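To keep things clear, I will list the structure first and then write my remarks on it.
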Amino acid sequence: MHYGIGIPSWINAYQEVQRAEAAGFTHAWFYDSQLIYSDVYAAMALAAHHTSTIELGTLVAIPSNRIAPVTASAVASLNKLAPGRIILGIGTGYTGRNTMGLPAYPIARYREYAQQVRGLLNGEDVLYTDDVTGRQRWIRLIHGQHSEFLNLDDFIPIYVAANGPRAMEVVVLGG
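Using our numbering, read the sequence shown as starting at 904 and increasing by one per residue.
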């Protein structure tokens, strides 16, 4: 059986994760809400450094907060610190966007974002569209094959949060 704990992302959260790991928890989930908590990836990096078995995931990363290549690089970097223990949970950002007075991230863009991140984590080239200029370009994680920077060898699952029929259609296949 798996047991998880939700953790507000704060810099000393690693201490709670250490206690959870010692108590037998299998997963620690970090909230990504930028106006409420510390940066989710900074908190996860410290937890990765101070633990050895517990899996660490975002609950949930918000596409509008970080473009797809930034998210892919962040989780691949974390995967370097904690090989095979990183999970990327993504969502439309109800709380994180709501605190800025914004609606949830559009489902059509959510699907594209999930596909781009999955492709980058698989070491593939993906077609990226810049939100500001609309310019499209094929991109990839340039140092994806260099283990001193990132870890793409240990699979990073992507969990897609969905509430409603259109969001339920967003499926990310890994492999």
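Glycine residues also receive a C-beta, built at the ideal position from the N, C-alpha and C atoms. Only a predicted model underlies this, so the values are computations on that prediction, with no experimental measurement involved.
In the structure shown, the three-state DSSP call for residue 984 is helix.
When DSSP assignments are scanned along the region 943-1017, the uninterrupted stretches of alpha helix (DSSP H) that are 4 or more residues long and fall wholly within it turn out to be 943-953, 971-984 and 997-1001.
The beta-carbon distance between residue 931 and residue 923, rounded to whole angstroms, is 6 Å. This is short enough to meet the 8 Å contact definition. Straight across, the Cα-Cα distance linking residue 1033 with residue 1046 is about 21 Å.
If you compare the alpha carbons of 968, 904, 987 and 1011 with that of residue 1003, the shortest gap goes to 968. Under DSSP, residue 922 shares a beta bridge with no residue.
Pairing residue 946 with residue 914 gives a Cβ-Cβ distance under 8 Å. A residue is called buried once 16 or more other Cβ atoms fall within 10 Å of its Cβ, and residue 1017 is buried on that count. Out of 1010, 1044 and 1031, the CA that lies nearest to the CA of residue 1068 is found in 1010.
Sorting 910, 988, 906 and 1053 by C-alpha distance to the C-alpha of residue 963 places 910 at the top.
Taking a 10 Å sphere around the C-beta of residue 1051, we find fewer than 16 other C-beta atoms and assign the residue as exposed. Residue state for residue 917 is assigned as helix, using DSSP reduced to three classes. As DSSP reads the structure, residue 908 sits in a beta bridge with 931. If you draw a straight line from the Cα of residue 1005 to the Cα of residue 998, it comes to about 9 Å.
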